[in-house]
Amino acid sequence: SQQGEEDPQALSIQEGENATMNCSYKTSINNLQWYRQNSGRGLVHLILIRSNEREKHSGRLRVTLDTSKKSSSLLITASRAADTASYFCATAYNTDKLIFGTGTRLQVFP
Amino acid sequence: DAGVTQSPTHLIKTRGQHVTLRCSPISGHKSVSWYQQVLGQGPQFIFQYYEKEERGRGNFPDRFSARQFPNYSSELNVNALLLGDSALYLCASSSEDREKLFFGSGTQLSVL
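From first to last, the protein sequence lines are chains A and B.
Per the working numbering, residue 1 is the first one in the first sequence, and the count goes up by one each step.
Per the working numbering, residue 1001 is the first one in the second sequence, and the count goes up by one each step.
Laid out in structure tokens, this is it:
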């Protein structure tokens, strides 16, 4: 079963705008990760945030984690057409597996 | 360095047949995981192998099996294929910390 629910399911924006995606999960976690998938092929790791962290940055990406609300958000600033992809959050309880959410499809128009 | 490689990229089978999917991890990675992704869904965990031992198994029937070889490559086998097994099968490897996953491009399996 899917652990995470992502919101919105789909998002369309213009280049230069910011994109925010949210992820909710059900049980306590060790860490939460975000992945990007282009055209239904392999996933690419974007960023990992641990359960004792509240915010993390990587380039144009900003991730927040609220363990009390069991939620996370991914912000992509100054979006580009190349950011068009599906974005998935994934939660880890241990090192044995990741549980992925349902994904947000992001479309960035030039 | 080569990334995670999977073969074949596409496969068409009929119901009742069996299939073997192959995966080579990034050099130096000892952990391999398999995921199934049905169209429109997120990946679902099937197996994880670390140092040739099964370390985790998802909620999949016994028709699904896997193994890891001494060179850390891996095979996923599915017997008695059903229409519902049609999906993208993703392999991922990870380094010693077994946290961040590096994915291959997947094998698209169609069962007719």
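Beta carbons: idealized from backbone N, C-alpha and C, even for Gly.
Take residue i as the anchor and find which of the options has the nearest alpha-carbon.
i, options, result
"Ala78/A", "Thr95/A, Gly16/A, Gln9/A, Ala10/A", "Gly16/A"
"Gly1106/B", "Gln37/A, Gln14/A, Ile13/A, Gly4/A", "Gln37/A"
"Ile76/A", "Thr91/A, Arg60/A, Ser68/A", "Arg60/A"
"Trp34/A", "Gly40/A, Arg62/A, Asn18/A", "Arg62/A"
"Tyr1089/B", "Ala90/A, Thr84/A, Arg41/A, Val108/A", "Arg41/A"
"Phe1064/B", "Ser1073/B, Glu1096/B, Asn1071/B, Ala1080/B", "Ala1080/B"
"Tyr93/A", "Ser12/A, Ile49/A, Pro8/A, Ala19/A", "Ile49/A"
"Arg1057/B", "Asn1077/B, Ser1033/B, Asn1071/B", "Ser1033/B"
"Phe1060/B", "Leu1076/B, Ser1027/B, Ser1094/B, Cys1023/B", "Leu1076/B"
"Gly4/A", "Lys70/A, Leu46/A, Pro110/A, Gly101/A", "Gly101/A"
"Ser28/A", "Leu106/A, Arg105/A, Ala90/A", "Ala90/A"
"Thr20/A", "Lys70/A, Ser51/A, Thr64/A, Arg54/A", "Thr64/A"
With 16 other CB atoms within 10 Å as the buried threshold, where does residue i fall?
i, result
"Arg1098/B", "buried"
"Gly1148/B", "Outside the displayed range of chain B (1001 to 1112) lies residue 1148/B, so it cannot be described from this structure."
"Asp1062/B", "exposed"
"Asn31/A", "buried"
"Gln1017/B", "exposed"
"Ala1002/B", "exposed"
"Gln14/A", "exposed"
"His1029/B", "buried"
"Ala10/A", "exposed"
"Ser12/A", "exposed"
Skipping 5 residues on each side, what residues in its chain have a beta carbon closer than 8 Å to that of residue i?
i, result
"Ser1110/B", "His1010, Leu1011, Ile1012, Lys1013, Ser1086"
Give every residue of the same chain whose Cβ lies closer than 7 Å to the Cβ of residue i, excluding the five residues on either side of it in the sequence, and list them in chain order.
i, result
"Gly103/A", "Glu6, Ser86, Tyr87, Phe88"
"Pro1055/B", "Strictly speaking, residue 1055/B in this sequence is Arg, with Pro absent from that position. Gln1048, Tyr1049."
For the beta strand (DSSP E) that residue i lies in, which residues bound it at each end?
i, result
"Ser86/A", "85 to 92"
"Ala1092/B", "1087 to 1094"
"Thr104/A", "104 to 109"
"Tyr35/A", "31 to 37"
"Val1019/B", "1019 to 1024"
"Glu1051/B", "Looking at the DSSP string, Glu1051/B is not in any beta strand (DSSP E), and its letter there is neither H nor E."
Go through its chain and collect everything with a Cβ distance to residue i's Cβ below 6 Å, but skip five positions before and after it.
i, result
"Leu1083/B", "Val1111"
"Phe109/A", "Gln14"
Name, going along the chain, the residues of the segment 36 to 49 of chain A whose beta-carbon falls closer than 8 Å to a beta-carbon of chain B. Gly40, Arg41, Gly42, Leu43, Val44, His45, Leu48
Name, going along the chain, the residues of the segment 7 to 21 of chain A whose beta-carbon falls closer than 9 Å to a beta-carbon of chain B. none
Could you please tell me which residues of the segment 54 to 80 of chain A, in chain order, have their CB closer than 7 Å to any CB of chain B? none
Going along the segment 1083 to 1095 of chain B in order, which residues come within less than 7 Å of chain A, judged by CB to CB distance? Leu1088, Leu1090
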